[in-house]
Amino acid sequence: MVHWKQNLLRVWFAQFLATGGFCFATPFIPFYIREIGVSEPTQASMWVALFAAAGNLALFLSAPCWGFISDIYGRRLMVLRACFVCGMLMPLMAFVPGVESLVVIRFMVGLFAGTVTASQILVSSNTPMEKRGFALGTLSSAVFGGRMAGTFMGGIVVDAFGYRAAFFICGIMLITAGLIVLFGVTERFEKTTTLRRKMTGFKFRLPEFGEVWWILLLVMLMGFAVRFDAPFMPLLVETINGPDKAATWTGIIDSLSAITGIFAGPLLGWLADRSSPQRIAMWSAGMAGLLMIPQGLAPSLVTLAVARFGMIFFASGLMSVFQIWLAKSTPDSKRGMLFGWATSVKSCGWFLCSLAGGAVAMNLGVRWVYFCAAFVFLTLVPGIRIVSRLHAQKDQSPAPAPDADAAPAHP
9 MVHWKQNLLR
19 VWFAQFLATG
29 GFCFATPFIP
39 FYIREIGVSE
49 PTQASMWVAL
59 FAAAGNLALF
69 LSAPCWGFIS
79 DIYGRRLMVL
89 RACFVCGMLM
99 PLMAFVPGVE
109 SLVVIRFMVG
119 LFAGTVTASQ
129 ILVSSNTPME
139 KRGFALGTLS
149 SAVFGGRMAG
159 TFMGGIVVDA
169 FGYRAAFFIC
179 GIMLITAGLI
189 VLFGVTERFE
199 KTTTLRRKMT
209 GFKFRLPEFG
219 EVWWILLLVM
229 LMGFAVRFDA
239 PFMPLLVETI
249 NGPDKAATWT
259 GIIDSLSAIT
269 GIFAGPLLGW
279 LADRSSPQRI
289 AMWSAGMAGL
299 LMIPQGLAPS
309 LVTLAVARFG
319 MIFFASGLMS
329 VFQIWLAKST
339 PDSKRGMLFG
349 WATSVKSCGW
359 FLCSLAGGAV
369 AMNLGVRWVY
379 FCAAFVFLTL
389 VPGIRIVSRL
399 HAQKDQSPAP
409 APDADAAPAH
419 P
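Counting from 1, position 177 in the sequence shown corresponds to residue 185 in this note's numbering; the numbering is continuous, with no gaps.
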């Protein structure tokens, strides 16, 4: 087998295990928070929000730093860092004396997490240019497949053996993923500088992306909308069906929804290539927003599952469409930096939505989380249209005179 294909296969298995490991335990945190002493619904919603916000804030702060270090020491090391450190930290959640310690550990996990981004960069940098689309698309199926398997099996394990068993299995799966990368994956990377040399004279400044910053603002809003309801899904399942087997039913619904994510990205991305990324993004955001509403009104788990299946389809494809839009709006020389910033602003959206979702759940109830998420998705539609027109005006602006020697206004 060709070298890059061997690497892809092994990284695929590692990413499947890593994503499955995280999803083995984290979707059921609202129930675990109640088990360790927070029984009052308003307080439980607040701590669920803080738990989610802690991880997202840590990822927002650390992701640019790890990307900076990966350019110096290689991408394989970043995958190993995420798998091994998180594999040791996650089982510690089984021993927390209180919910405050749980939030602190979640923040620490967020600082060292990032298996998906690290794996994407590793695969991309070691795959021929003409095969990178196929390789990254294949890797994305490991993420959704791992989520599907992890939430399904995790719900069963939680109800059968308890939450602490799920945390230990999570750690084992993450460390196993790290061992696959350590002994099975090689990287063509030549170190050309050192961290000390790279930091000499370093000054932080925002990159000159021009109008693309407006797309990044939409990416942040998209991250805000997509994760707005996620921490509160188990509480909605319990509200509809009662506490009996709530973790199992949450796992089943989440795993069924993950199936659609496997197909959504490639399909909507294919449509965006043949149509317009902006048009597909508007339809995706609008449909995701409309399908949020029946989830908030759901009288049964069947209604919830069907509506969530459709919503996840459009929401999962939305990021793929934004990536295509960003790629078409940026020269190759700035694309790597741009996607790093896209990850950072998306994490910022996740952090803000955790706090906002918690405030809504505490004051209005868990069902209102879904109505507010619908509103955020629907506000993306006019936002995408406005930014699309800004780019159209830029593309139609008069070109400089043929004999002009001056540099363009927006390099």
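Beta carbons: idealized from backbone N, C-alpha and C, even for Gly.
As assigned by DSSP and simplified to three states, the class of residue i
{"i": "Ser284", "result": "coil"}
{"i": "Thr387", "result": "helix"}
{"i": "Arg155", "result": "helix"}
{"i": "Pro239", "result": "helix"}
{"i": "Ala350", "result": "helix"}
{"i": "Pro375", "result": "Here residue 375 is Arg; the residue named in the question, Pro, does not match the sequence. Three-state DSSP puts Arg375 in a helix."}
{"i": "Val19", "result": "helix"}
{"i": "Gly106", "result": "coil"}
{"i": "Arg196", "result": "coil"}
{"i": "Val166", "result": "helix"}
{"i": "Gln14", "result": "helix"}
Own chain residues within Cβ distance below 8 Å of residue i, not counting five before or after
{"i": "Leu147", "result": "Leu16, Val19, Trp20, Gln23, Ser127, Gln128, Val131"}
{"i": "Pro99", "result": "Phe175, Phe176, Cys178, Gly179"}
{"i": "Ile421", "result": "With the chain running from 9 to 419 in the structure shown, residue 421 is simply not present."}
{"i": "Ile41", "result": "Ala52, Trp55, Val56, Phe59, Val107, Leu110"}
{"i": "Ser78", "result": "Leu85, Met86, Ala126, Ile129"}
{"i": "Phe236", "result": "Cys361, Ala364, Gly365, Val377, Cys380, Ala381, Val384"}
{"i": "Asp252", "result": "none"}
{"i": "Ser47", "result": "none"}
Sequence-distant residues of the same chain with beta carbon closer than 6 Å to residue i, five excluded per side
{"i": "Ala315", "result": "Leu299, Pro302, Gln303"}
{"i": "Ile177", "result": "Phe32"}
{"i": "Leu25", "result": "Met181, Thr184, Ala185"}
{"i": "Ala382", "result": "Gly297, Met300, Ile301"}
{"i": "Leu2", "result": "The structure shown does not extend to residue 2, since the chain spans only 9 to 419, so no value can be given for it."}
{"i": "Ser396", "result": "Gln286"}
{"i": "Phe92", "result": "Gly186"}
Short Cβ contact (9 Å threshold) for residue i with residue j
{"i": "Met290", "j": "Ile392", "result": "yes"}
{"i": "Pro35", "j": "Met241", "result": "yes"}
{"i": "Ile267", "j": "Phe232", "result": "no"}
{"i": "Gly170", "j": "Phe30", "result": "no"}
{"i": "Ala293", "j": "Phe271", "result": "no"}
{"i": "Thr256", "j": "Ile164", "result": "yes"}
{"i": "Phe152", "j": "Gly269", "result": "yes"}
{"i": "Leu363", "j": "Pro38", "result": "no"}
{"i": "Leu224", "j": "Trp349", "result": "yes"}
{"i": "Val117", "j": "Leu97", "result": "yes"}
{"i": "His245", "j": "Ala238", "result": "Note that residue 245 corresponds to Val in the displayed sequence, not to His. No. Outside cutoff."}
{"i": "Trp12", "j": "Pro105", "result": "no"}
{"i": "Gly63", "j": "Phe160", "result": "no"}
Cβ shell of residue i (< 7 Å), same chain only, five flanking positions each side left out
{"i": "Ala6", "result": "Summary: the structure shown does not reach residue 6, with the chain confined to residues 9 through 419, and so no result is reported for it."}
{"i": "Leu360", "result": "Phe232"}
{"i": "Leu388", "result": "Leu226, Leu229, Met230, Ala233, Ala293"}
{"i": "Leu119", "result": "Ala66, Ser70"}
{"i": "Trp74", "result": "Met86, Gly122"}
{"i": "Leu144", "result": "Gln128, Val131, Ser132"}
{"i": "Val353", "result": "Leu224, Val227, Met228"}
Whole beta strand (DSSP E) elements within the stretch 113 to 139, 3-residue minimum = none
task = Output the residue ranges of the alpha helix (DSSP H) runs that lie fully inside the stretch 169 to 193 and measure 4 residues or longer, sorted by chain position.
result = 171 to 192
ask   = Fully enclosed by the stretch 38 to 84, which beta strand (DSSP E) runs are 3 residues long or longer?
value = none
ask   = What are the uninterrupted segments assigned as alpha helix (DSSP H) that are 4 or more residues long and contained completely in the stretch 249 to 329, given in chain order?
value = 254 to 282, 285 to 305
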